[in-house]
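Residue numbers (our numbering), protein chains in the order written: chain E, 6 to 119; chain U, 32 to 144.
Positions of the beta carbon are idealized from the N, C-alpha and C atoms, including for glycine.
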């Protein structure tokens, strides 16, 4: 178990630029989640995949956000035309199938939009 | 959707004291309640979880209690140590749905040596 890996750890970008983050889940986990966390808040759900299928998206996920998991392994989260309000920690987590499976989180990508 | 409230937002204790963090949830369909610990610069890590068919679970110095009637659950840490200092999050997840936990806003626990 090598854990959930996220890349990059930090990203600074100018407003209006596009950014892409990558998540590599634990290999036998077929569920993958993206959450966003701002200072002093708990993780807020963005979207979730079971294998390659994106099963649910939060209303927080505007049309500038897109996530993919093309082969049911790693996932990417892209933000287009970044805004200062997008500055946050983006957390990826994975879990085994079935109910009540705990999430295993990566260490996140911290995005700063200037 | 589910709403999870967590209190207090900050908790300061002396080493060796006990710490209690409380959460309430709104969706009566929720049946899984994990607790996560987040250290600075890291993602949340599961420390204990409880399912709705039990009222209490203990793992060494950590215990969680659940009251389904009142829709609240609590984390208890005994004999606190400085390394317990971190942010703790409770979460609730409903059955028969999309398996998406909803998190509380977190409690910053500070243990003074």
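Annotated three-state conformation of residue 91/U is coil, per DSSP.
By the criterion of a C-beta distance shorter than 7 Å, residue 113/U is surrounded in its chain by 46, 142 and 144, once the five residues flanking it on both sides are discounted. Contact of residue 108/U with chain E is not assigned, every C-beta pair being separated by 9 Å or more. The beta-carbon distance between residue 56/E and residue 90/E, rounded to whole angstroms, is 31 Å. This is too long to meet the 8 Å contact definition. The three-state secondary structure of residue 65/U, taken from DSSP, is strand. Excluding residues up to 5 positions away in sequence, 139 lie with their Cβ nearer than 6 Å to the Cβ of residue 41/U in the same chain. Judged by DSSP in its simplified three-state form, residue 12/E adopts strand.
At a cut-off of 9 Å between beta carbons, residue 93/E makes no contact with chain U. For the pair residue 126/U and residue 62/U, the CB atoms are nearer than the 9 Å cut-off. In this structure, the CA atom of residue 110/E is about 6 Å from the CA atom of residue 9/E.
Counting only unbroken stretches of 3 or more residues, the beta strand (DSSP E) elements lying wholly within the segment 25-78 of chain E are 36-42, 49-55, 58-62 and 70-73, in sequence order. Closer than 9 Å to the CB of residue 85/U there is not a single CB belonging to chain E. In this structure, the straight-line span from the alpha carbon of residue 67/E to that of residue 67/U is close to 27 Å. In the structure shown, residue 22/E falls within a coil segment according to DSSP collapsed to helix, strand and coil. Contact residues of the segment 41-63 of chain E toward chain U are 45, 46, 47, 48, 49, 50, 53, 60 and 61 (C-beta to C-beta distance below 8 Å). Bridge partners of residue 125/U according to DSSP: 61/U. For residue 89/E, there is no enclosing beta strand (DSSP E), as DSSP marks it with neither H nor E. Cβ contact annotation for residue 82/U (same chain, cutoff 8 Å, sequence separation greater than five): 62, 63 and 64, in chain order.
When the five nearest sequence neighbours on each side are left out, the beta carbons in the same chain lying within less than 6 Å of the beta carbon of residue 12/E are those of 27, in order along the chain.
What residue 13/E touches in chain U, judged by beta-carbon distance under 7 Å, is nothing: the nearest beta carbon there is about 14 Å away. With respect to chain E, the C-beta atom of residue 124/U has a partner C-beta closer than 9 Å. Counting only the Cα atoms, residue 137/U lies some 29 Å from residue 33/E.
Excluding residues up to 5 positions away in sequence, 48, 49, 50, 51, 96 and 98 lie with their Cβ nearer than 7 Å to the Cβ of residue 40/E in the same chain.
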